[in-house]
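*Asks:* The sequence shown begins at 16 in my numbering and counts up one residue at a time.
Mind looking over this structure? Questions follow.
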Amino acid sequence: MDSHIANPAAPPADRPARVALFAGSFDPFTIGHADIVRRALPLFDRLVIVVAVNPEKRHLFTAQERVEAIRALYRGDDRVEVVAHEGMMADLARQLGARFNVRGVRSVIDFEYEKVEADYNKRLGGLETVLLYSSPALASVSSTAYRQLVFFHKDAEAAALLPSPQTTR
16 MDSHIANPAA PPADRPARVA LFAGSFDPFT IGHADIVRRA LPLFDRLVIV
66 VAVNPEKRHL FTAQERVEAI RALYRGDDRV EVVAHEGMMA DLARQLGARF
116 NVRGVRSVID FEYEKVEADY NKRLGGLETV LLYSSPALAS VSSTAYRQLV
166 FFHKDAEAAA LLPSPQTTR
């Protein structure tokens, strides 16, 4: 029996695994990010969620806290790996054998930024960018919105922007 049929999560033996990166600061990882992961998983054999580390940027949560929170959401799903990375995504992609870069797009402004990044990643590392448009109901969800709500003590509203393990399955 074909191993891919017996285990649909395994790639057919005659092609390399489709590995994609999904990178961001994820400060914090929101229901919008979780929606992109949910929609990207059927497209790839493995999805590596990359917590991008920028030591010059102030974060609400440490890189380790962000990694652990995301890992808790996807615990038990062998298709998802979570890593922290400081450096070029093209370098990490080569190291992990990733050929794709998943990006979520909420607006034209996001698209313009992502187009420049996609060209750069293609030139540097041969990474093919896959854009997934945000679900309309989640277009206003962002880590920035979460942080603003927390700042103004709108804890219930902020919590509504965060996924739970049940919502990521």
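C-beta atoms are modelled at their ideal positions from N, C-alpha and C, and glycine is treated no differently.
These numbers come from a predicted model, not from an experiment.
(1) Fully enclosed by the segment 103–149, which beta strand (DSSP E) runs are 3 residues long or longer?
(2) Below 9 Å between beta carbons: does that hold for A3 and A78?
(3) Contact between the segment 131–141 and the segment 168–178 is defined here as three or more beta-carbon pairs at a separation below 8 Å; is this criterion met?
(4) DSSP three-state call for V185: helix, strand or coil?
(5) By the three-class DSSP mapping on this structure, what secondary structure does A87 have?
(6) I'd like the span of the alpha helix (DSSP H) that includes V52, first residue to last.
(7) With DSSP collapsed to three states, give me the class of F76.
*Replies:* Looking at the atomic coordinates:
(1) Counting whole runs of 3 or more residues, the segment 103–149 contains the beta strand (DSSP E) stretches 115–120, 143–148.
(2) Lying outside 16 to 184, the shown extent of the chain, residue 3 is not represented and no answer is given.
(3) In this structure the segment 131–141 does not lie against the segment 168–178, because fewer than three pairs of beta carbons, one per stretch, are closer than 8 Å.
(4) The structure shown does not extend to residue 185, since the chain spans only 16 to 184, so no value can be given for it.
(5) Within the sequence shown, residue 87 is the residue found at index 72, counting from 1. Of the three classes helix, strand and coil, the one that applies to A87 here is helix, per DSSP.
(6) In the sequence shown, the residue the question calls residue 52 occupies position 37. Note, V52: alpha helix (DSSP H), 46–55.
(7) Here residue 76 refers to the residue found at position 61 of the sequence shown. In the structure shown, F76 sits in coil (DSSP, three-state: anything other than H, G, I, E or B).
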